[in-house]
Amino acid sequence: MTTRPLRILVVEDNEARVEAFTRWSPRGVRLIWAKSAGVAIGMLKRDRGRVYDGIMLDHDLTAQRLTMHDARFTGRDVVVAVIENVDSDVPVFVHSANDGGGPRMADTLRSAGFEVGQVPMYRLDERRFRDWILEVREALDEEDEEDEEDEEDEE
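Position one of the sequence shown corresponds to residue 1 (the numbering used here), numbered consecutively onward.
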């Protein structure tokens, strides 16, 4: 079992939601907050591969426009960056309240081979959040076991 903290990238423009995620996070979970789509895209391009153990995505990212470019980006643009830069074994959770955009984001990620959970923000509660964190932990533990088996096979 992995004992290192989980690194979860949270792409969310609403500070109150991030505060709720922080309160709901069990010990051993580190949330990395990207306040805008542009910031998230930059982070994903910089941190290629499996830097994050899980990613949480919102669709409508208009409250924290940090640059002029942020005005034209949505969660769909972040999904493209996830597909281009993140290993497909990294679990993703779409929590958008946008009833059209959220499901489209989830479908696009699934089509690219990602494991995707999806709950609209207005239905997300601590239990569902913690259930997803547990899934992320289990996926990481499975990956660690596979890595150990591969190392044993090489010896």
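Even for Gly, the Cβ is constructed at its ideal location relative to N, Cα and C.
All values derive from a computational prediction rather than experimental measurement.
Item: Express the C-alpha separation of Ser36 and His95 in angstroms, rounding to a whole number.; Value: 15 Å
Item: By the DSSP assignment, the alpha helix (DSSP H) with Ala97 in it spans what residues?; Value: Where Ala97 is concerned, there is no enclosing alpha helix (DSSP H), given that its DSSP letter is neither H nor E.
Item: With three or more C-beta pairs closer than 8 Å as the rule, is the region 77 to 93 touching the region 31 to 47?; Value: yes
Item: Name the residue from Leu61, Leu134, Ile83 and Asp141 whose alpha carbon lies nearest to the alpha carbon of Trp24.; Value: Leu134
Item: Below 8 Å, can you find three or more Cβ-Cβ pairs linking the region 45 to 55 to the region 15 to 24?; Value: no
Item: Please state whether DSSP places Gly113 in a helix, a strand or coil.; Value: coil
Item: On a Cα-Cα basis, can you pick out the residue from Glu15, Asp13, Asn14 and Arg27 that is closest to Leu6?; Value: Arg27
Item: Quick one: Cα of Met121 to Cα of Arg104, how far?; Value: 15 Å
Item: Throw me the rounded Cβ distance for the Phe73 and Gly42 pair, which I believe falls under 8 Å.; Value: About 11 Å; that fails the 8 Å criterion.
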